[in-house]
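Chemist: Residue numbers (the UniProt record's numbering): 1 to 344.
Ideal Cβ positions, reconstructed from N, Cα and C, are used throughout, including at glycine.
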Amino acid sequence: TTTTTIPTPKTTSKRPSNYADHMTEPLKEVRDGYIISLNLGTPPQIIQVYLDTGSDLTWVPCGNLSFDCIDCNDYKNNKLLTASISFSPSHSSSSLRDSCSSPFCTDIHSSDNSFDTCTIAGCSLTTLLRSTCYRPCPPFAYTYGEGVVAGTLTRDTLRVHATTNSISRDIPRFCFGCVGSTYREPIGIAGFGKGPLSLPSQLGFLHKGFSHCFLPFKYANNPNISSPLVVGDLAISSKEYMQFTPMLKSPIMYPNYYYIGLEAVTVGNVSTAPQVTLREFDSFGNGGMIIDSGTTYTHLPEPFYSQLLSILESVINYPRATEVEERSGFDLCYRIPCKSNNIL
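(1) Can you give me the C-alpha to C-alpha distance between residue 102 and residue 173, rounded to a whole angstrom?
(2) Which residues share a DSSP beta bridge with residue 334?
(3) Nearest to residue 265 by alpha carbon, out of 28, 306, 169?
(4) Whole angstroms are fine: how far does the CA of residue 248 sit from the CA of residue 336?
(5) Report, in whole angstroms, the separation of the C-beta atoms of residue 136 and residue 92, which I expect to be a contact under 8 Å.
(6) With DSSP run on the structure shown, which of helix, strand or coil describes residue 224?
(7) Could you tell me if residue 293 is buried or exposed, where buried requires 16 or more neighbouring beta carbons within 10 angstroms of its beta carbon?
(8) So, under 8 Å CB-CB, residue 188 and residue 49 are touching, yes? Tell me the CB distance rounded to an integer number of Å.
(9) Rank 73, 45, 110 by C-alpha distance to the C-alpha of residue 86 and give the top, closest one.
(10) Is the number of C-beta pairs between the stretch 147-158 and the stretch 179-199 that are closer than 8 Å three or more?
(11) Buried or exposed: where does residue 301 fall if 16 or more other Cβ atoms within 10 Å of its Cβ makes it buried?
(12) Grab the span of the alpha helix (DSSP H) containing residue 312 for me, first residue to last.
(13) In this structure, does DSSP put residue 178 in helix, strand or coil?
(14) Ignore the nearest five residues each way along the sequence and tell me which others in residue 334's own chain have a CB closer than 7 Å to its CB.
(15) What whole-angstrom Cβ distance do residue 260 and residue 236 have, given they're in contact under 8 Å?
(16) Which same chain residues end up closer than 6 Å to residue 181 when comparing Cβ atoms and leaving out the 5 residues on each side of it in sequence?
(17) If you run the structure through DSSP and keep just helix, strand and coil, what is residue 202?
(18) DSSP state of residue 257, grouped into three classes?
(19) Specify, as a first and last residue, the run of the alpha helix (DSSP H) that residue 105 falls within.
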């Protein structure tokens with residue numbers, strides 16, 4: 001079980017009285033992430049999205065026929081992903097476009113993203129900050145490691161569940177991206193970062209925390225098995241079976257990420273300690289390790305990475321699968337006898 005405690009930001013608005021003290025939603029595991037179902041609109045439309053602690057924006061595909069995902073052929077055979085439908089604002093009586101005077105509009109257009117429509121058009125952010133601005137927020141573009149999404153900021157009712165699915169609370173005017181086209185992003189994302197646009201930030205949970213029990217990989221793509229995501233009071237109320245590690249204070253350059261310090265890695269009886277920058281930040285704000293549920297692999301810098309490979313190679317006695325290494329790009333692959341196949 002991994003529990004993340006979210007520090008209180010300097011500017012925190014008081015939570016409205018209609019906000020729940022906690023929420024519990026089931027997560028399902030797919031090959032490269034975890035899926036959560038969002039209940040959006042009036043009446044609610046159920047949209048499946050990835051949970052991502054490495055980004056802030058929550059967005060969903062919009063338009064049953066108009067949503068376009070470029071270079072997404074690798075995902076078309078996954079039933080859990082292709083089963084996700086698009087959100088239709090026209091079928092929700094509570095849906096509306098966000099205003100250009102909204103702080104969320106300013107936030108999503110305040111980066112140096114070269115794909116952003118405001119950046120391309122050369123419009124000034126000061127026009128978005130004017131309190132007399134009543135126009136809709138301009139369309140945005142939001143980038144990930146290899147993907148890009150384009151859409152409009154939308155507000156609608158988000159329904160969250162408490163301890164059981166029979167108890168729910170409606171969160172009005174939740175702000176999210178209504179996306180019509182993407183590159184290599186087949187389904188939506190629930191942003192769980194620390195920025196103002198993120199789901200826990202909008203729901204008033206930044207001063208509390210969230211917890212999730214990660215399922216073994218053997219349950220990936222199994223629609224009948226899920227594990228709970230707990231946000232709020234319940235995430236940190238019971239510590240009997242939980243292990244905690246302190247979070248590093250996020251540097252000024254990247255304040256919306258979650259960081260931990262890596263002390264050591266132990267393989268069998270052999271332990272190796274990384275360079276000091278993985279344990280703490282340097283004077284320039286570099287260092288630490290980011291906790292990112294949307295990233296499949298753990299990335300380690302040199303020379304610590306090579307040191308760890310040497311230790312693993314010295315203790316694993318299975319024959320190397322060099323053809324798999326060449327094909328996949330991984331450094332250590334082995335032939336392991338099993339009933340279904342002999343190469344892993």
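Modeler: On the basis of the coordinates in this document:
(1) 12 Å
(2) 320
(3) 306
(4) 38 Å
(5) Not quite, the Cβ-Cβ distance comes to about 16 Å (not below 8 Å), so this is no contact.
(6) coil
(7) buried
(8) 4 Å
(9) 45
(10) yes
(11) exposed
(12) 304-315
(13) strand
(14) 316, 318, 319, 320, 321, 344
(15) In fact, because the Cβ distance is near 16 Å, the residues do not count as touching under 8 Å.
(16) 68, 150
(17) helix
(18) coil
(19) 103-108
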